[in-house]
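Quick note: to get this note's numbering, add 1382 to the position in the sequence shown (first position is 1).
Where is the CB? At the ideal position from N, CA and C, for every residue including glycine.
Below: the structure, in structure tokens.
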Amino acid sequence: MKSWRSDDVVCQHGGGNVTVLVEWIHLHPTPSHVDDNIWTLYGLFQLSNHLVCSDGESLSPNICGMSCKLIDDDINDDINCVFTIFQYLL
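And the structure:
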């Protein structure tokens, strides 16, 4: 598994057709009113564990009603979740 790191982002790629997992990390001091949680983005559309899926660690409204198992070769669940988000927003 390859990993890349910059000041604020950690990216991991599993190779092949596996989609990228990205974690945004706040390394710089932030004001106390700013949310300092780590958001993990999953799947082809980089869906957040804080909004659309449940990773079992973060509180989430879980808009798509699914676990964050979006880092596999099957993009059907990714696409279904995006359609659910569109319906939620409309």
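Cβ pair residue i, residue j closer than 8 Å
i: Leu1426; j: Asp1456; result: no
i: Tyr1470; j: Ile1445; result: yes
i: Leu1472; j: Leu1452; result: no
Reduced DSSP category for residue i - H, G, I as helix; E, B as strand; rest coil
i: His1408; result: Below a pLDDT of 50, predicted positions are generally treated as unreliable, and His1408, at 48, falls in that range; the measurement from the model is reported next regardless. His1408: coil per DSSP, three-state reduction.
i: Leu1423; result: strand
i: Leu1429; result: strand
Nearest-angstrom Cα separation, counted from residue j out to residue i
i: Cys1463; j: Asn1431; result: 12 Å
i: Pro1443; j: Leu1433; result: 6 Å
i: Gly1438; j: Ser1449; result: 8 Å
i: Phe1465; j: Asp1454; result: 19 Å
i: Asn1458; j: Ile1467; result: 14 Å
Beta-carbon proximity list for residue i, same chain, < 8 Å, skipping 5 on both sides
i: Ser1436; result: Ser1442, Asn1444, Met1448, Ser1449, Cys1450
Proximal residues to residue i (C-beta, below 6 Å), its chain only, five neighbours per side dropped
i: Ser1440; result: Asn1431, His1432
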